[in-house]
Amino acid sequence: MHHPDLINSRADHTAEYICRPRLAAEARDSASAFLRALDPAPSAHTVQTVLLLVSELVTNALRHAGGVRALRLAAGPRTLRVTVEDPSEDRPQEHVPDLTGRSGGFGWPMIRSLSDSVTVQSAPAGGKAVLATLAR
1 MHHPDLINSR ADHTAEYICR PRLAAEARDS ASAFLRALDP APSAHTVQTV LLLVSELVTN
61 ALRHAGGVRA LRLAAGPRTL RVTVEDPSED RPQEHVPDLT GRSGGFGWPM IRSLSDSVTV
121 QSAPAGGKAV LATLAR
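So this is what it looks like as structure tokens:
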């Protein structure tokens with residue numbers, strides 16, 4: 001697994017980190033390392049929100065979209081972005097959450113609730129990219 005040594009800092013005061021996790025736990029570890037390396041550091045609340053977003057987006061890609069092509073984490077002066085690319089063209093679907101716990105349905109509403117904005121775009125290599133943005 002890759003950690004913060006792969007963060008690319010640019011002249012425009014942004015940082016970016018790209019990896020290809022096989023498990024949600026790997027994605028959370030990568031995101032945690034990325035966030036710890038930022039200066040100034042995001043608040044504890046923001047860190048927890050990003051980790052939950054990463055976990056949900058990666059889990060959705062693994063369960064419903066055939067895997068994760070890339071997890072991209074980016075930080076600008078005022079925003080944090082989490083992007084998950086997967087090989088499926090299918091857009092996330094809104095489902096009524098199953099309160100019995102048998103079929104889920106909580107992830108996509110949670111992603112939308114935790115983010116300031118969520119967009120779904122076609123990925124250059126096919127499939128899609130789900131981009132969640134929130135204030136830093």
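Under the numbering used here, the first residue of the sequence shown is numbered 1, with each subsequent residue one higher.
Just so you know, even glycine gets a beta-carbon here, dropped at the ideal spot from N, CA and C.
Treat the numbers as computed from the prediction; the structure is a model and nothing was measured.
Quiz item: Do alanine 31 and leucine 51 come within 7 Å of each other at the CB atom, strictly closer than that value?
Solution: In this structure, leucine 51 places its C-beta atom within 7 Å of the C-beta atom of alanine 31.
Self-check item: Nearest residue (CA-CA) to alanine 132, options Val96, Leu23, Leu80 and Glu89
Solution: That would be Leu80, whose Cα lies nearest to the Cα of alanine 132.
Exercise. Provide the residue span of the alpha helix (DSSP H) that contains leucine 71, from first to last.
Key: Segment 70–75 is the beta strand (DSSP E) holding leucine 71; no alpha helix (DSSP H) there.
Quiz item: If we ignore side chains and look at the alpha-carbon of each, how far apart do alanine 135 and arginine 102 end up?
Solution: Distance from the CA atom of alanine 135 to the CA atom of arginine 102, rounded to whole angstroms, is 33 Å.
Exercise. Name the two residues that bound the continuous alpha helix (DSSP H) containing aspartate 29.
Key: Boundaries of the alpha helix (DSSP H) harbouring aspartate 29: 24–36, taken from the DSSP string.
Quiz prompt | Nearest-angstrom Cβ-Cβ length linking leucine 53 and serine 115, presumed shorter than 8 Å | solution = Taking 8 Å as the upper bound for CB-CB distance, leucine 53 and serine 115 are in contact here, some 7 Å apart.
Quiz item: Taking Cβ positions only, does aspartate 86 come closer than 7 Å to chain E?
Solution: Checking the listed chains, one finds no chain E in this structure; it contains a single protein chain.
Quiz item: Can you tell me whether DSSP reads glutamate 56 as helix, strand or coil?
Solution: Note: glutamate 56 maps to helix in three-state DSSP.
Quiz item: Any idea what DSSP makes of threonine 79, helix, strand or coil?
Solution: Strand.
Quiz item: Sorted by chain position, which residues of the same chain lie with C-beta nearer than 7 Å to glycine 66's C-beta, five sequence neighbours on each side aside?
Solution: Asp86, Pro87 and Ser88, listed in sequence order.
Self-check item: Inter-residue Cα distance where the pair is proline 92 and alanine 33
Solution: Pairing proline 92 with alanine 33, the inter-Cα distance amounts to about 28 Å.
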